[in-house]
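As you go down the protein sequences, you meet chains A and B in turn. My numbering applies: residue 1 is where the first sequence begins, and numbers increase by one. My numbering applies: residue 477 is where the second sequence begins, and numbers increase by one. Glycine included, every Cβ here is placed at the ideal spot set by N, Cα and C.
There are 2 protein chains.
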Amino acid sequence: MTQATTDPAEFRFIAIARALEPIVSALRPGDRMPSLRRVARDHGVSLATAEAAFRRIESDGLIESRPRSGFFVRARAGVPVPRMPRRTTLALRPSVAERVRALLESVRHPEVVPLGGATLGPSLVAHESLSRSLARVARTAGAAGLTYEAPPGSLPLRRQLARLMAEHGVAVAPDELLVTVGCMQALQLGLALLCRPGDAVVVESPCYYGLLQCAEALDLKVVEVPAHPTTGMDLDALETVLATQRVACVLVTPSFLNPLGALMPDAHRKRLVALLERHDTYAIEDDIYGDLAHERALRPRPLKAHDRHGRVLYCASFSKSLAPGLRVGWLHPAGFMDRALTLQFTQVLATPTPTALALADHLERGGFERHLRRLRPLVASQVTRYRDAVCRAFPDGTRISEPQGGFVLWLELPAPPGSDVTLQRLCLERKIAIAPGSIFSARERFSQHIRINCGVPFDERMGRALGVVGELVRRL
Amino acid sequence: MTQATTDPAEFRFIAIARALEPIVSALRPGDRMPSLRRVARDHGVSLATAEAAFRRIESDGLIESRPRSGFFVRARAGVPVPRMPRRTTLALRPSVAERVRALLESVRHPEVVPLGGATLGPSLVAHESLSRSLARVARTAGAAGLTYEAPPGSLPLRRQLARLMAEHGVAVAPDELLVTVGCMQALQLGLALLCRPGDAVVVESPCYYGLLQCAEALDLKVVEVPAHPTTGMDLDALETVLATQRVACVLVTPSFLNPLGALMPDAHRKRLVALLERHDTYAIEDDIYGDLAHERALRPRPLKAHDRHGRVLYCASFSKSLAPGLRVGWLHPAGFMDRALTLQFTQVLATPTPTALALADHLERGGFERHLRRLRPLVASQVTRYRDAVCRAFPDGTRISEPQGGFVLWLELPAPPGSDVTLQRLCLERKIAIAPGSIFSARERFSQHIRINCGVPFDERMGRALGVVGELVRRL
C-alpha cells in the first residue's frame with residue numbers, strides 16, 4: 001500500500017506506519033489510537049515523525065483525527081474492498097450500449113436521487129468564476145471570440161494546458177496538444193488513431209463503461225485485464241496478454257480509475273511504459289480524475305510523464321473538476337498529430353471558441369487552482385461520508401472500495417449474480433439512480449456490483465436513499 | 477449541358493432551348509429575346525412549351541425575365557457558368573485528407589488574403605447580439621449553465637430549432653432533434669449511422685471536400701454524380717446509379733451547394749425523395765447554406781420537407797449564417813435516433829452547455845432573424861461584386877458560377893489540367909489563399925477549377941488580390 005522510497009527520513013515514518021497497522025487492526029472502529037507522544041517514545045523518533053506516520057495511516061483510510069481529541073480507528077476498517085477479478089478475459093466485442101442508455105436516461109430526471117452518474121453536484125461546480133470568465137470573453141473578444149478555431153484549437157488555451165501538464169511533470173509544447181470536446185472525444189480520437197475495425201484493445205476490469213461503448217461503436221474487441229482495487233491494472237496479467245496476442249493499444253486510467261478509485265503506483269507506471277515499448281504497442285491514458293487526489297499534496301504524475309518514446313496518448317478534461325457542461329478536453333496524440341488533425345476536422349471541423357477562450361481566461365487567472373484547493377478536501381470528505389453511510393446501511397458481506405481520488409464508490413454486494421440490474425430497477429421505482437456493475441465489463445462480469453456517485457454533497461436525502469438501497473440489497 | 481430524358485414532351489422543350497442558345501450568344505447583354513409567340517410559331521409548339529424552353533435557358537443563367545416585359549439576355553451572359561461533369565464516376569475511396577490539410581493551413585494565417593475558406597468576415601458575424609446572449613447566460617444560468625447536457629442536448633435550444641424547421645416547412649418535435657458540434661458532426665453522425673466500412677455513398681460532383689474527407693475517415697467509397705451549376709445534382713444520373721448499384725446513402729446539398737451555389741428545384745426534390753423510396757435508400761441533407769438565399773423572399777423548403785417516410789436525415793448549423801466559432805449544429809436522424817444518441821455519447825458524451833443556452837437565448841429573442849435580414853442582401857451584393865471583379869481580372873475563357881445563395885464562387889479556368897494546385901502555390905507565395913478545385917472530387921476532377929470565398933466584404937485589398945490571381949491564371 002505504501003511505496004518504497006529512497007529518502008531515509010521519509011522511509012522512517014513509513015516504517016512506523018507499517019508497524020502501527022497491526023495495532024489498528026487489533027482495535028475496534030471508534031477506539032482511540034495510542035498517543036503520538038507514546039508512539040514517538042516507543043520508536044525513538046520525533047513527534048513530527050510520529051505524526052507523519054499517523055497521517056499516512058489516516059490517508060489510507062484506517063484512522064481519522066478528531067479536533068483536540070487525537071486519532072481514532074475509522075468505522076470502515078472492518079469492511080473489505082471488492083475482490084479483484086481472477087482472470088483476464090478473451091477478446092470480445094462489447095455490447096453495452098443498450099444498458100448504458102437505460103442508465104443515462106434514469107439519471108436525467110431531476111427528481112431522481114443522483115447516485116447513478118459520476119457528476120459533481122451543482123454547488124461544487126466552479127460556476128461563479130467560470131461564468132465571470134465567459135462573460136468577460138463575451139464582452140471583450142469581439143468577433144474573434146466567435147470565429148473558427150480550426151484544429152488543433154485555441155492557442156491561448158493550449159498554452160495553459162501545456163503549463164498544467166508541465167506542472168504535472170510532462171514537458172510539452174502547445175502545438176503538441178489538440179483541443180477536444182471533452183475527455184470522451186479525446187479517448188475516442190485516440191482509439192480511432194490507433195485501431196482498425198476488428199482490432200483488440202486492453203481495458204481494465206472493471207472500467208468506465210463509456211470506453212466499452214466507444215470500442216463497440218468503433219467495432220473493436222476488448223480484452224479485460226483485472227484491476228486491483230488499490231493499485232489498478234494488474235501488470236502481470238497485462239504482460240501475459242501482450243506476450244500472447246496482438247493488441248492495438250492499452251486503455252488505462254492510472255489515477256483514480258473509475259469505478260475503483262485505484263491509484264497505480266509510480267513503479268507500476270514505469271513498468272507499464274516499458275511493457276509498451278517491449279511489445280511495440282501504445283497506451284491511451286485517461287487522466288480525467290488525476291486532479292482529484294484525496295490527499296492534498298498528491299497530484300499523481302501521469303503515465304505520460306514516464307513516456308520517452310511516444311508510446312502514450314494522453315487524454316484529460318475539466319468535466320470532473322471544474323464543470324461538466326464546458327466540454328473542453330484535450331489530447332496529446334504522441335506521434336499521431338497529423339492524422340489527429342484530419343480526424344478532428346472530419347468529426348467536428350473545429351471546437352467551440354467561446355468556451356475555449358473562457359477556460360483559457362480562467363486558467364490564466366489561477367481560477368482552476370483556487371477551485372481545486374477548495375474542491376479536493378470537500379470531495380475527500382464527501383466520499384468518506386458516503387462510505388460510512390453505506391457501511392451502516394448495507395448488509396454484512398458488502399465490500400466497498402477505498403478510493404484514493406475521484407468521487408465514486410464501487411460496491412460488491414452479498415447478492416446473487418445478476419442482482420445489479422434488478423436492484424437498479426427496484427431503486428428507480430423508488431426514484432433513486434444507481435449504476436449497475438455489469439456495464440463496467442463487456443463480459444457483464446460485475447453483476448453483483450454497483451457504483452455509487454459521491455459527487456453531490458452528502459445530506460439527509462442521500463442518507464435516506466442509501467438506507468433504501470441497503471434495505472433493497474438485504475431483500476435481494 | 478442538359479441530360480437526355482425519356483419523356484418526349486420534356487425532350488421537346490429541351491431541344492428548343494438548345495436551338496435558342498446560339499441566338500442568345502449572338503445577342504448582347506440587355507437585349508430583348510425573341511417573343512414567346514414567335515418562338516412557339518417558329519418551332520410549331522404551344523406557348524407553354526416555348527415558355528418551358530425559356531425557363532430552361534433562364535435556369536442556366538443566360539437570360540432573365542422582367543415583369544410584364546419579356547425575356548432579356550442577362551448582363552453577365554458574357555461569362556458562361558462552369559461546365560457540368562459529363563459522367564458519373566465509379567465508386568472510389570477518396571484520399572483528399574493531405575491536400576485539404578494544406579488548404580486549411582494556408583488559410584490560418586491572418587496576413588493571407590482569405591479567398592480560400594468559406595467563411596464570413598468578422599464584420600458579418602453576429603458577434604454583438606450573440607455576445608450579449610453569452611454574457612446573459614453566464615450571468616443568469618448559474619450552475620445549470622455548466623452542467624451536462626447529455627444527448628439529445630439542450631431542450632430550450634431544441635425547441636427553437638424545431639420552431640425554425642417548422643417555419644421552413646418541416647414539422648418536427650424537439651425530441652426528434654439531436655444537438656451536434658456544428659453541421660460537420662451532424663453529417664458525420666449521419667454517415668456513421670447509415671454506412672458500414674466499404675459501403676458506397678453518392679455525392680455531388682463537385683461537392684464540399686469535408687464530405688470526402690469524412691467518407692475517407694469512415695472508410696467509405698464515393699460515387700460522384702454530376703451536379704448542374706444551377707439545379708444541382710443530376711437526378712437522371714442518380715437514378716442510373718441507384719438502379720445499378722447498392723449505395724448506403726446519398727449526400728446532397730439541395731440549397732446552395734458548395735462550391736456551385738446551385739439550388740435544386742422543388743420538383744427535383746420531390747423526385748429525389750421518390751427515388752430514395754423506390755430504391756430503398758436514404759439521403760443525408762446538408763442544409764448549412766439554406767438560410768443564405770440571395771433573393772429576399774426565398775428560403776428554400778428543405779428536402780426533408782418532402783420526406784414522408786423517414787428517408788432523409790437532416791443536418792444544419794449556424795456556422796455560415798451567425799458565427800463559425802459557436803459550433804452548434806443539429807441532426808434530424810429520421811428513424812435512427814436511438815443509435816444516434818449512443819453514437820453521440822461515444823463521440824463527445826455531451827455537447828457544450830453555455831453555447832447551446834446562448835444560442836437558444838439568441839433565437840428566442842429573434843436575434844437570428846434580425847441578423848439574417850441584414851446579412852442576406854449584404855452577402856448577395858458581395859457575391860456580385862466579387863463576381864464582377866473576377867470577370868474583369870480573369871482571362872477570356874474563364875467560366876464562373878452564378879450562385880443563388882451562399883458566398884462562394886466556382887471558377888473553371890482556361891488552363892491545363894492540374895493547374896489548380898500550381899495556382900494555389902503561386903497565390904500563397906503572394907499571400908493569397910484560394911481553394912484548388914481538385915479537392916472537391918475524389919477523382920481530382922476539377923484540377924482546372926478554383927473556389928473563391930466571397931464571405932469577407934469586398935474592398936480594394938480583395939480587388940487587388942483577384943487581379944493578382946487573374947494575372948497568374950493568364951500566365952499558367
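Nearest-angstrom Cα separation, counted from residue j out to residue i
i	j	result
B:C683	A:R464	59 Å
A:G310	A:K304	9 Å
A:M264	A:S255	6 Å
A:T351	A:N258	26 Å
A:R159	A:W330	12 Å
A:R89	A:V222	It should be pointed out that residue 89 of chain A corresponds to Thr in this sequence rather than to Arg. Their backbone Cα atoms lie some 8 Å apart in a straight line.
B:G546	B:I908	43 Å
A:G44	A:A50	9 Å
A:L343	A:A316	18 Å
B:E905	B:F870	19 Å
B:V949	B:L768	30 Å
A:T240	A:M184	28 Å
A:D286	A:T180	14 Å
B:R747	B:P510	32 Å
A:D199	A:H268	26 Å
B:F794	B:R850	15 Å
B:E680	B:L696	15 Å
Terminal residues of the beta strand (DSSP E) in which residue i lies
i	result
A:Y314	V312 to S317
A:T180	L178 to T180
A:S65	I63 to R66
B:P830	Element bounds for B:P830: not the beta strand (DSSP E) but the alpha helix (DSSP H), T829 to E840.
N-terminal and C-terminal residue of the alpha helix (DSSP H) that residue i is part of
i	result
B:H519	L512 to H519
B:Y862	G843 to A869
8 Å contact criterion, which residue i and residue j should meet: CB distance rounded
i	j	result
B:P809	B:L789	6 Å
A:A118	A:V408	5 Å
A:L161	A:P354	No, A:L161 and A:P354 are not in contact; Cβ-Cβ is about 17 Å, not under 8 Å.
A:G169	A:V456	In fact, because the Cβ distance is near 32 Å, the residues do not count as touching under 8 Å.
A:S441	A:V81	The Cβ separation is near 17 Å, so there is no contact.
Residue i in three-state terms, based on DSSP
i	result
A:I23	helix
B:L736	coil
A:K304	helix
A:H168	coil
A:R299	coil
B:R559	coil
A:G153	coil
B:I533	helix
B:S681	strand
A:S441	coil
A:A227	strand
A:G210	helix
Chain B contact for residue i (CB, 9 Å cutoff)
i	result
A:Y148	yes
A:E444	no
A:V175	The amino acid at residue 175 of chain A is misidentified as Val; the sequence shows Asp. So, not an interface residue.
A:R374	no
A:P197	yes
A:S65	no
A:L349	yes
A:G406	no
A:R68	no
A:V328	yes
A:Q160	no
A:A323	yes
CB contact check: residue i to chain A, cutoff 9 Å
i	result
B:S731	no
B:C659	yes
B:L817	yes
B:P735	no
B:G946	no
B:L885	no
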